[in-house]
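Notes for the one structure printed next.
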Amino acid sequence: MASSTDTTRFAQFKLVLLGESAVGKSSIVHRFVKNTFDNFRESTIGAAFLTQTITLPESKTTIKFEIWDTAGQERYKSLAPMYYRNAHAALCVYDITNPSSFTKAQDWIKELKKQAPEGIVICLVGNKLDLSEERQVDEQEVLQYVQELNHQENNVLWAECSAKSGEGVLDIFNKIGRALPVEEVINGASSRARQVGSRKPGVDLARQAHSPQNSGCC
Ligand code: GTP
Ligand code: MG
0 MASSTDTTRF
10 AQFKLVLLGE
20 SAVGKSSIVH
30 RFVKNTFDNF
40 RESTIGAAFL
50 TQTITLPESK
60 TTIKFEIWDT
70 AGQERYKSLA
80 PMYYRNAHAA
90 LCVYDITNPS
100 SFTKAQDWIK
110 ELKKQAPEGI
120 VICLVGNKLD
130 LSEERQVDEQ
140 EVLQYVQELN
150 HQENNVLWAE
160 CSAKSGEGVL
170 DIFNKIGRAL
180 PVEEVINGAS
190 SRARQVGSRK
200 PGVDLARQAH
210 SPQNSGCC
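Residue numbers (this note's numbering): 0 to 217.
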């Protein structure tokens with residue numbers, strides 16, 4: 000007879016990527032969703048939508064990320080609120096070889112703290128770790144910035160990765176998955192989830208385990 004412990008819980012969350020053009024947002028998403036990398040990826044127009052699931056074995060939870068990969072070019076900036084407005088998580092991406100992209104990522108964090116849903120899980124992501132010999136964004140400086148932010152409210156994560164080599168990419172999504180309010184949502188105790196998921200519930204409870212899936216752009 001199947002017991003409740005055989006059941007994998009299922010939760011669905013919206014995640015948005017923000018950051019200066021060419022920091023590697025689309026490349027991170029493609030590494031995560033399709034495990035591919037393109038040396039000559041075209042700049043995103045508007046935004047792209049993809050999905051991918053992960054399973055957190057320790058909590059027997061499958062999380063489906065609905066991912067909005069926004070365009071970093073300045074002319075698309077006004078579209079961003081449409082994507083982060085009802086997001087549960089955001090990646091603010093910078094390129095470790097480009098200091099101005101770190102400043103831009105900090106600007107996005109400021110904007111999210113003002114405008115995004117309360118309790119949104121934010122991960123500051125330094126990409127292009129394979130170019131560490133050309134690093135211009137100092138890890139200690141970033142760490143200090145994140146510690147100062149988290150002094151007030153403990154919801155900013157930090158990670159570095161390389162979309163090119165794949166190093167650290169899955170870890171970022173696992174980290175976010177663990178920080179999302181899965182328990183509270185499943186127990187029906189998350190007022191934030193109700194607020195964010197006003198269009199459609201963020202979670203389906205207790206679906207049987209299923210294999211990872213993804214979909215392409217829209
Ligand atoms: P927009 O769509 O314009 O906002 O840019 P984006 O942030 O989506 O950047 P994209 O993923 O298109 O990558 C820009 C360029 O950086 C591409 O030529 C990628 O091949 C390159 N790139 C992305 N990630 C990495 C990485 O981890 N290492 C290296 N060396 N290059 C990368
Ligand atoms: Mg892009």
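We treat Cβ as the ideally placed atom computed from N, Cα and C, and that holds for glycine.
Cα-Cα separation, residue i to residue j
i: residue 24; j: residue 9; result: 26 Å
i: residue 219; j: residue 64; result: No statement about residue 219 is possible, as the shown extent of the chain runs from 0 to 217 and does not include it.
i: residue 38; j: residue 138; result: 25 Å
i: residue 119; j: residue 86; result: 7 Å
i: residue 183; j: residue 95; result: 35 Å
Per-residue burial, residue i [other beta carbons within 10 Å of its own, 16 or more giving buried]
i: residue 180; result: buried
i: residue 100; result: buried
i: residue 150; result: exposed
i: residue 114; result: exposed
i: residue 159; result: buried
i: residue 68; result: buried
i: residue 60; result: buried
i: residue 17; result: buried
i: residue 35; result: exposed
8 Å contact criterion, which residue i and residue j should meet: CB distance rounded
i: residue 162; j: residue 20; result: Their Cβ separation, rounded to whole angstroms, is 15 Å, which puts residue 162 and residue 20 out of contact at 8 Å.
i: residue 55; j: residue 28; result: With a Cβ gap of about 20 Å, residue 55 and residue 28 do not count as contacting.
i: residue 93; j: residue 125; result: 6 Å
i: residue 157; j: residue 136; result: That pair is no contact at about 11 Å.
i: residue 90; j: residue 122; result: 5 Å
Residues that residue i bridges to, as DSSP identifies them
i: residue 86; result: Looking at the DSSP assignment, residue 86 forms no beta bridge with any residue, so it has no partner.
i: residue 156; result: 122
i: residue 8; result: 60
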